[in-house]
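To start, the structure under review is shown below, and the notes come after it.
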Amino acid sequence: METEKTDVVIVGTGASGLFAALHVPRDKKMLMITKDDVENSDSFLAQGGICVLHDENDYDSFMEDTLKAGHYENRRESVDIMIRSSRRIIDELVGYGVDFARKADGSFDYTREGCHSRPRILFHKDITGKEITSRLLAAVRELPNVTICDYTTMVDILADGNTCLGILAREKDGAYRAIEAGNTILASGGIGGLYDHSTNFPHLTGDALAIAMRHGIALENIDYVQIHPTSLYSSRPGRSFLISESVRGEGAK
Ligand SMILES: Cc1cc2nc3c(=O)[nH]c(=O)nc-3n(C[C@H](O)[C@H](O)[C@H](O)COP(=O)(O)OP(=O)(O)OC[C@H]3O[C@@H](n4cnc5c(N)ncnc54)[C@H](O)[C@@H]3O)c2cc1C
Numbered sequence: 081m082e083t084e085k086t087d088v089v090i091v092g093t094g095a096s097g098l099f100a101a102l103h104v105p106r107d108k109k110m111l112m113i114t115k116d117d118v119e120n121s122d123s124f125l126a127q128g129g130i131c132v133l134h135d136e137n138d139y140d141s142f143m144e145d146t147l148k149a150g151h152y153e154n155r156r157e158s159v160d161i162m163i164r165s166s167r168r169i170i171d172e173l174v175g176y177g178v179d180f181a182r183k184a185d186g187s188f189d190y191t192r193e194g195c196h197s198r199p200r201i202l203f204h205k206d207i208t209g210k211e212i213t214s215r216l217l218a219a220v221r222e223l224p225n226v227t228i229c230d231y232t233t234m235v236d237i238l239a240d241g242n243t244c245l246g247i248l249a250r251e252k253d254g255a256y257r258a259i260e261a262g263n264t265i266l267a268s269g270g271i272g273g274l275y276d277h278s279t280n281f282p283h284l285t286g287d288a289l290a291i292a293m294r295h296g297i298a299l300e301n302i303d304y305v306q307i308h309p310t311s312l313y314s315s316r317p318g319r320s321f322l323i324s325e326s327v328r329g330e331g332a333k
């Protein structure tokens, strides 16, 4: 079996993997892999939008809304990071060309989603995920230090005791690749594809999480799965079309 070396390997080409790639120093050689087509991630499916802190006066209410939605089991410091960094990240996304809806005067237009006590969501039509993720992908594709391999699945982690040395991957034709890396980033999404009826891509089965568990890597709050209560009914297994959360956020029952 072929063994190759890279500085950083990223498993997943959704928003999290792409955003991570954009923050790795440019002198690092990076390999990104994905199980399916590069654009087939839940990030491309996200519809309603992305929440952002209005200003300092909004902090307590944003925190309370988020904790309430998480049954107060959220890790408070993670929520704090999410809220505090939200405005900077929106600015960064706008820098990558993301076109959020704006009012006639040029200021951002906000909509409302479930559990938010006020409109706090930036959006692009009802395809916010596609707008954000395709811009991130375009920016990553410009980086000379990144190689993206589609239809390549992580099947194990290479480890020496407690040290992660990289990953073992399987290509479309069944060939295995041992990829040694100084840093391994799992940005492999959720487990929604395990359900017969789901709004998620069926290949998102949480296998990378299972591999992590097998290696004794601690996972947190993995029993929390966001259930979309509104989708178009389909009698066949596979992905169902989501009726956007913003429809409920704006008051639909
Ligand atoms: C229909 C829908 C609408 C949504 N709307 C919103 C919304 O409005 N606002 C919001 O904030 N969130 C929304 N979400 C949730 C949001 O899309 C996800 O939380 C987010 O996209 C997760 O990003 P990610 O990068 O972590 O994972 P994903 O985008 O799912 O990417 C996972 C990546 O990992 C790869 N991968 C997984 N396992 C392996 C493996 N073993 N080997 C190789 N590659 C692997 C996959 O191929 C994929 O590239 C929505 C989700 C859905 C399904």
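Residue numbers for the sequence shown follow the numbering used here, beginning at 81 and rising by one. A virtual CB, placed ideally from N, CA and C, is assigned to each residue, including glycine.
Where does the unbroken alpha helix (DSSP H) through E144 begin, and where does it stop? 139-149
Nearest to S326 (by Cα), restricted to the options G177, I201, E157, E260: I201
Taking 8 Å as the line, does the beta carbon of D140 fall inside it for any heavy atom of ligand 1? no
Minimum Cβ-Cβ distance from T93 to chain C less than 9 Å: You won't find chain C in this structure, because it holds only one protein chain.
Using only the heavy atoms of ligand 1, determine whether one of them is closer than 8 Å to the beta carbon of M234. yes
Beta carbon of L245, beta carbon of E260: below 9 Å? yes
Compare the C-alpha of A95 against each of L147, D122, E84 and name the closest. D122
Compute the distance between the beta-carbons of L98 and A219, then report whether it is under 9 Å. yes
Am I right that D287 and V118 are in contact with their C-beta atoms under 8 Å? What's the rounded C-beta distance? About 18 Å; that fails the 8 Å criterion.
D122: first and last residue of the uninterrupted alpha helix (DSSP H) it sits in: 122-125
I302 versus R294, I323, G254, G270, residue with shortest Cα-Cα distance: G270
Using DSSP bridges, identify the partner residues of Y256. R250
Ends of the alpha helix (DSSP H) at K162? Rather than Lys, the amino acid found at residue 162 in this sequence is Met. From DSSP, the alpha helix (DSSP H) with M162 extends over 156-175.
Identify, in the order they occur along the chain, each residue of the same chain with its Cβ nearer than 6 Å to the Cβ of D87, setting aside the five sequence neighbours on each side. K108, K109, G262
Just confirm the distance between the C-beta atoms of T146 and N154, as a whole number of angstroms; I'd bet it's less than 8 Å. 6 Å
Given the structure, does L312 come close to ligand 1, in the sense that its CB is under 8 Å from one of the ligand's heavy atoms? no
For a test of the three-state rule: what should DSSP assign to S320, helix, strand or coil? coil
Going by CA-CA distance only, name the one from R294, K115, G128, I265 that's closest to G241. R294
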